[in-house]
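Peer 1: Shown below is the structure under consideration.
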Amino acid sequence: MFLVFSTLIWLINNLSESYVSTASFDLEYVNVPKGYLFKGATDNELKVKLEAGGFQFLGFNFKHSKIAIDLADAQHKDSIFYIPQEIYRKQVERQLSASMSLIDIETDTLFVGMLAVVSKKVPVKPNIEVNMARNYLLDGQMEIQPDSITITGPSEEIDTIVVVRTNKLTLPDLDSDFSETIEIYKSKELKNTEYSIGEVELTAKIARFSEKVFEVPITTVHFPNNIDVKTFPDKVSVVCKAKLKRLKKIEASDFEVIADYGQLKDGTTDELKLELRKKPSGLHSVKLQKNSVEYILNKK
């Protein structure tokens, strides 16, 4: 037991003394200059000679500490970026503990890969296939949050990009409101392009709808006063889809279907085309069951 305590005391005394030795730091490059994309560096590890206490060197044997290299101090000549030792040495010294002294650095100059880039904001278009359950529909527009993102990359990569898409998403038999997070599709050809975010959220309201048919009289317009026109039939069916609550408030008089005399000015035709000139708001869809009707003209 005495021998163990003696050994511990000896070890503590020796580790408390200062030594000069080599240590390694992992390099983390920060503060990339605006307009550039960091592509890597020649050195990701830095070996230095330090004067420090034995306990501190013991810690380096178990793990590497990190040193941040500020790229705002980088110099460049043409497309080559570099940080001379006299500049990054000061950065290293500021990050050492007060009890450490930097004696020497093995690497003379840090060379950094930088790529000139531009940024632009583009809309996001969802690549989505929505299959509604029977008698259900989208209640309003599908919303995308955010509806646009910023892409940053070399001009030759992003100049022609006007929209970004999401990954494919299929939603079958929808019968209730939904909210889905979906990733932005990143083309493999855009190797040097970065996206401000990686995903968007799609939301939509789903409503149950019903269908109703209204018999609407056909109104003839712009015919001369001396001509009497009759259409066969004189009414047309208008098919509407909407939420049941909305359909209950709609009447045939809310629609107007016309046949215009202007169709006959440039020649004769066997049928008059019909146009739905007025319809109520709040409908999911509306269509005429017949797009044209036969007619007879009589002079008064």
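In my numbering, the protein residues as written are 749 to 1048.
From the three backbone atoms N, C-alpha and C, an ideal C-beta is built for every residue, glycine too.
Can you grab the Cα-Cα spacing for the pair Val-768 / Pro-832, in whole Å?
Peer 2: Spanning the two alpha carbons is a distance of roughly 24 angstroms.
Peer 1: Is Arg-994 helix, strand or coil when you go by DSSP?
Peer 2: DSSP places Arg-994 in helix when its eight states are reduced to three.
Peer 1: For the beta strand (DSSP E) holding Glu-891, just list the boundary residues, first then last.
Peer 2: Here the beta strand (DSSP E) through Glu-891 covers 891 to 893.
Peer 1: Tell me where the beta strand (DSSP E) around Gln-1116 begins and ends.
Peer 2: No information on residue 1116 is available, as it lies outside the stretch 749 to 1048 that the chain covers here.
Peer 1: Using CA coordinates, which residue listed in Thr-855, Asn-779, Val-878, Asp-818 is at the minimum distance from Lys-797?
Peer 2: Lys-797 has its Cα closest to that of Thr-855, out of Thr-855, Asn-779, Val-878, Asp-818.
Peer 1: Starting from the N-terminal side, write out each stretch of the beta strand (DSSP E) that is 3 residues or longer and does not extend beyond the region 887 to 952.
Peer 2: Fully enclosed beta strand (DSSP E) runs of 3 or longer: 891 to 893, 896 to 901, 917 to 922, 926 to 931, 947 to 952.
Peer 1: Could you pull the DSSP bridge partners for Lys-777 from this structure?
Peer 2: Sequence check: residue 777 is Tyr here, not Lys. Note: Tyr-777 sits in a beta bridge opposite Ile-817.
Peer 1: How do the region 869 to 887 and the region 952 to 959 stand: do at least 3 beta-carbon pairs fall below 8 angstroms, yes or no?
Peer 2: Flag = yes, the region 869 to 887 and the region 952 to 959 touch.
Peer 1: Please classify Arg-994 as buried or exposed, where buried requires at least 16 other C-beta atoms within 10 Å of its C-beta.
Peer 2: Counting Cβ neighbours within 10 Å, Arg-994 comes out buried, since at least 16 surround it.
Peer 1: Candidates Thr-918, Arg-837, Thr-1017: which alpha carbon is nearest Asn-875's?
Peer 2: Here the closest residue by C-alpha is Thr-918.
Peer 1: In terms of residues, what are the limits of the alpha helix (DSSP H) holding Tyr-836?
Peer 2: Start and end: 833 to 843.
Peer 1: For the beta strand (DSSP E) containing Phe-1003, name the first residue and the last one.
Peer 2: Run containing Phe-1003: none; DSSP gives neither H nor E here.
Peer 1: Could you spell out the range, first to last residue, of the beta strand (DSSP E) harbouring Phe-859?
Peer 2: Start and end: 857 to 864.
Peer 1: Sorry if obvious, but does the Cβ on Leu-798 come closer than 6 angstroms to a heavy atom of the ligand FAD?
Peer 2: The ligand FAD is absent from the structure shown, which contains no ligands of any kind.
Peer 1: Determine, using beta carbons only, whether Val-1034 comes closer than 7 angstroms to chain C.
Peer 2: The question asks about chain C, but that chain is absent: this structure has only one protein chain.
Peer 1: Throw me the rounded Cβ distance for the Gln-839 and Asp-818 pair, which I believe falls under 8 angstroms.
Peer 2: Gln-839 to Asp-818, Cβ: 6 angstroms. Contact.
Peer 1: Sorted by chain position, which residues of the same chain lie with C-beta nearer than 6 angstroms to Thr-790's C-beta, five sequence neighbours on each side aside?
Peer 2: Excluding residues within five positions, the ones whose Cβ falls inside 6 angstroms are Phe-859.
Peer 1: Restricting to Cα atoms, I'd like to know which of Val-865, Phe-926, Ser-924 is closest to Glu-905.
Peer 2: Glu-905 has its Cα closest to that of Val-865, out of Val-865, Phe-926, Ser-924.
Peer 1: Just reading off the beta strand (DSSP E) that Phe-962 is part of, what are its end residues?
Peer 2: From DSSP, the beta strand (DSSP E) with Phe-962 extends over 954 to 969.
Peer 1: Can you tell me where the beta strand (DSSP E) holding Lys-1026 begins and where it ends?
Peer 2: First-last of the beta strand (DSSP E) with Lys-1026: 1023 to 1026.
Peer 1: Taking the beta strand (DSSP E) that Asn-879 belongs to, which residues open and close that run?
Peer 2: Asn-879 -> beta strand (DSSP E) spans 876 to 880.
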